[in-house]
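Student:
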Amino acid sequence: MRIKVANIRIPVNDQTDLTAKICRMLHLDKSEITDFKILRQAIDARKKPNIWYDFQVSLAVPDHRQDLLQHDSVTLLPEAVPMTYPKWPHACRPVVVGFGPAGMFAALYLARCHAHPIILERGQKIEERKQSVALFLSDKTLNPESNVQFGEGGAGTFSDGKLNTNVHSEYNAFVLREFYLHGANEDVTYMQNPHVGTDYLEQVVRNIRQEIESLGGEFHFNTQFTGFLPEEDRLHIHCTPEMDLQTQHLFLGIGHSARDTIRALHAQGLDMEAKGFSMGVRIEHPQTLINKMQYGPAARFLPPASYKGVVHLAERSVYTFCMCPGGTVMASTNDPKTIVTNGMSEHSRDKANANSALLVNVRPEDFLHDNPLDGLAYQELYERKAFEIGGDYRAPGNLMKEFLAKTIAKEIRSVKPSYPHGLVFCDFRQCLPDYIVNSLREALPLLDKKMHGFTHPDAVLTGIESRSSSPVRILRGADRMCKVAGIYPIGEGAGYAGGIMSAAIDGLKSAITATCQPTL
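Per my numbering, the very first residue in the sequence shown carries number 146; after that it's consecutive.
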């Protein structure tokens, strides 16, 4: 009999063995428990200084212990719905453009259905891409085709690898388990806010690619998709370098930074609409400050703390996003002479600073004139303004005290910025719209009321964060195809996701749909 035990609470300073605590609660001997598994682990810090670990676990116990089902904290665990892989029913091999989370999980599913997918990735495979990123971080030599945004694994590979999502999908557990089976720590399957870490993501991405290859998948790196030509029941695929590719199923997991590809698809007649996104800055605090802010004296017993905050102002919302405990602020551009920041953490989250995006919502009416692609130009405008401030990939920045006082800092104080190319202190109105700067100033004191210490005078603000999501959506129907039969826009770049998990699930669902649809 497999049962689920809910609401096991242990003080964070209690080193009691979890299994032993469950045995005492259920009056079981350890020998009677088999197949023990943690289903969920969270930290409850709402009532400091009393901080608890909350667990939900499952275990198998002897059938003769039916009495356990009468216990208030025990229920039977329902059987998981297995993933099935029907044989690919179509004549042509599918083509997947982009090997970020959406393309990766679409290709993995298709490969397991014996579809032998062809994957086109404009960047390098992960081993070479890592070297290109390191070169840019060390001496500002940018490879526009393989960088933090482009290459095997997508933009999420050089982030914290967060796997939390607001999407309530039947595929959540499947995606989390695939990350674990391909190299992430097992805790990603049960932590409240799971993360892989950039250092582990490299291995996960490589292992998924190798499984797809072992099942007949075919990869073409350093190959940019440039368009398509419909002809009868086929799509002729255009790419550089040129290949003779035809398919009936084209999955567009292009990512939110492939502006040239989005423009080419729009020119070819794919219907698109402008959508909102967000812009702002990265904020850095000492990780020790965040630990104390979140956990108080119990911080010494706990892993590096994270936070999440939002303020709804009269006209805008300001919120934290992609918070990276013990991480670094990344130089994340793919376009020469632009500044783009993002956050990154390794699995250990052991760096000195915590950082997070601090963002303000941008509405279509802020940038939309007469073209659904106007948001792309809006992002580019401010990214180039940010570059012009330093002229050499140094990022615009300021310190909290001076930012709130509407002055400009003269030197770094106690918080050392982690952005690799250095900062140029400036007025952020030089590289962000006034409404964003004004909203940040209004919201920061309100965030401090919720998270005391958030407006630490030495906290570092680094600009600009402009790629939280795509400003464009490629329209698709209930069959997940756009108006051109056989084309499936997927993931963040198509406007249907907002992170690794939601992008992976979106790509997976489109691959499942295509496999089950009749031949085009």
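Note that beta-carbon positions come from the ideal geometry of N, C-alpha and C, so glycine has one too.
Predicted model, so just to flag it, every value in this text is computed and none were measured.
Nearest-angstrom Cα distance between Thr334 and His340?
Tutor: Taking the sequence shown and counting its residues from 1, the one referred to as residue 334 is at position 189. Taking the sequence shown and counting its residues from 1, the one referred to as residue 340 is at position 195. Each residue's Cα considered, the two are about 10 Å apart.
Student: Give the list of continuous beta strand (DSSP E) stretches no shorter than 3 residues that lie fully inside the segment 535-594.
Tutor: As far as the segment 535-594 is concerned, its whole beta strand (DSSP E) runs of at least 3 residues are 540-544 and 568-570.
Student: If I'm right that Ala648 touches Ala247 with Cβ under 8 Å, what's the distance once you round it to whole angstroms?
Tutor: As a first step, residue 648 must be located in the sequence shown, where it is residue number 503. As a first step, residue 247 must be located in the sequence shown, where it is residue number 102. Right, the Cβ-Cβ distance comes to about 4 Å (below 8 Å), so this counts as a contact.
Student: Rounded C-beta distance between Glu126 and Gly268? I'm assuming under 8 Å.
Tutor: No answer is possible for residue 126: the residues shown for the chain start at 146 and end at 665.
Student: Just to confirm, are Gly520 and Phe573 a CB contact at a threshold of 7 Å?
Tutor: The residue given as residue 520 occupies position 375 in the sequence shown. The residue given as residue 573 occupies position 428 in the sequence shown. No, the Cβ-Cβ distance between Gly520 and Phe573 is not below 7 Å.
Student: Using the rule of at least 16 other Cβ atoms within 10 Å of the residue's Cβ for burial, across every protein chain shown, is Lys561 buried or exposed?
Tutor: Position 416 of the sequence shown, counted from the start, is the residue given in the question as residue 561. Label assigned to Lys561: exposed.
Student: In angstroms with no decimal places, state the Cα-to-Cα distance between Gly245 and Arg147.
Tutor: In the sequence shown, counting from the first residue as 1, residue 245 sits at position 100. In the sequence shown, counting from the first residue as 1, residue 147 sits at position 2. Distance between the alpha carbons of Gly245 and Arg147: 37 Å.
Student: Is the beta carbon of Val618 sitting closer than 7 Å to the one on Lys453?
Tutor: As a working note, residue 618 is residue 473 in the sequence shown. As a working note, residue 453 is residue 308 in the sequence shown. Looking at the sequence itself, residue 618 is Arg, so the reference to Val does not match. Lys453 is positioned such that its CB atom lies no closer than 7 Å to that of Arg618.
Student: Take the Cβ of Asp480 as the centre, count every other Cβ of all protein chains shown within 10 Å, and call the residue buried at 16 or more, exposed below.
Tutor: Residue 480 sits at position 335 when you count from the first residue of the sequence shown. Burial call: buried.
Student: Hey, out of Asn367, Val157, Arg257 and Phe303, whose CA is closest to Val278's CA?
Tutor: Here residue 278 refers to the residue found at position 133 of the sequence shown. If we check each option's Cα against that of Val278, Phe303 comes out closest.
Student: If you run the structure through DSSP and keep just helix, strand and coil, what is Thr600?
Tutor: In the sequence shown, the residue the question calls residue 600 occupies position 455. The answer is coil: DSSP assigns Thr600 none of H, G, I, E or B.
Student: Indicate whether Ser634 and Leu397 have their beta-carbon atoms separated by less than 7 Å.
Tutor: Counted from its first residue, the sequence shown places residue 634 at position 489. Counted from its first residue, the sequence shown places residue 397 at position 252. Position check: residue 634 holds Pro in this sequence, whereas Ser was assumed. Cβ distance < 7 Å, so Pro634 and Leu397 count as in contact.
Student: Compare the beta carbon distance of Asn500 and Glu429 with 7 Å and say whether it is the shorter of the two.
Tutor: Position 355 of the sequence shown, counting from 1, holds the residue named residue 500. Position 284 of the sequence shown, counting from 1, holds the residue named residue 429. The answer is yes: Cβ separation under 7 Å.
Student: Measuring only the C-alpha atoms, how far is Glu177 from Gln211?
Tutor: The count along the sequence shown starts at 1 and reaches residue 177 at position 32. The count along the sequence shown starts at 1 and reaches residue 211 at position 66. Going from the Cα of Glu177 to the Cα of Gln211 covers about 13 Å.
Student: Figure out for me which residue from Leu321, Val463 and Thr368 has the closest Cα to the Cα of Val349.
Tutor: The residue you call residue 349 lines up with position 204 of the sequence shown. When each option's Cα is compared against that of Val349, the closest is Leu321.
Student: Quick check: the segment 258-275 against the segment 233-242, are there 3 or more CB pairs under 8 Å?
Tutor: Counting C-beta pairs with one atom in each stretch, the segment 258-275 and the segment 233-242 have three or more that are closer than 8 Å, which means they touch.
Student: Three or more C-beta pairs under 8 Å: does that hold for the segment 430-437 against the segment 179-187?
Tutor: no
Student: Give the straight-line distance between the Cα atoms of His457 and Ala588, rounded to the nearest whole angstrom.
Tutor: Within the sequence shown, residue 457 is the residue found at index 312, counting from 1. Within the sequence shown, residue 588 is the residue found at index 443, counting from 1. Each residue's alpha carbon lies about 8 Å from the other.
Student: Measuring straight from C-alpha to C-alpha, what distance separates Pro565 and Thr478?
Tutor: Mapped onto the sequence shown, residue 565 falls at position 420. Mapped onto the sequence shown, residue 478 falls at position 333. Roughly 13 Å between the two C-alpha positions.
Student: Just checking: is the beta-carbon of Tyr440 within a distance shorter than 7 Å of some beta-carbon in chain C?
Tutor: The structure shown contains no chain C, having only a single protein chain.
Student: How many Å lie between Gly686 and Leu504 at the Cα?
Tutor: The structure shown does not extend to residue 686, since the chain is modelled only from 146 to 665, so the question has no answer here.
Student: What does DSSP give as the partner residue(s) for Asn487 in the beta ladder?
Tutor: Numbered from its first residue, the sequence shown carries residue 487 at position 342. Asn487 pairs with Met475.
Student: Starting from the C-beta of Arg379, find all residues in its chain whose C-beta is less than 8 Å away, skip the five residues before and the five after it, and write them out in chain order.
Tutor: The residue labelled residue 379 in the question sits at position 234 within the sequence shown. Excluding positions up to five away in sequence, the list reads Cys237, Gln391, Thr392 and Gln393.
Student: Anyone know if the C-beta pair for Ser451 and Pro470 falls short of 7 Å?
Tutor: Along the sequence shown, read from residue 1 onward, the residue named residue 451 stands at position 306. Along the sequence shown, read from residue 1 onward, the residue named residue 470 stands at position 325. Yes, they are a contact pair.
Student: Starting from Pro634, follow its DSSP beta bridges and name the residues at the other end.
Tutor: Stepping through the sequence shown from its first residue, residue 634 is reached at position 489. DSSP lists Leu397 as partners of Pro634.
Student: Taking Ser423 and Ser613 to be in contact with their CB atoms under 8 Å, please state how far apart those CB atoms are, rounded to whole angstroms.
Tutor: Your numbering for residue 423 matches position 278 in the sequence shown. Your numbering for residue 613 matches position 468 in the sequence shown. That pair is a contact at about 5 Å.
Student: Pair every Cβ in the segment 410-419 with every Cβ in the segment 514-530, then say whether three or more of these pairs are closer than 8 Å.
Tutor: By the Cβ rule, the segment 410-419 counts as touching the segment 514-530, because three or more pairs are nearer than 8 Å.
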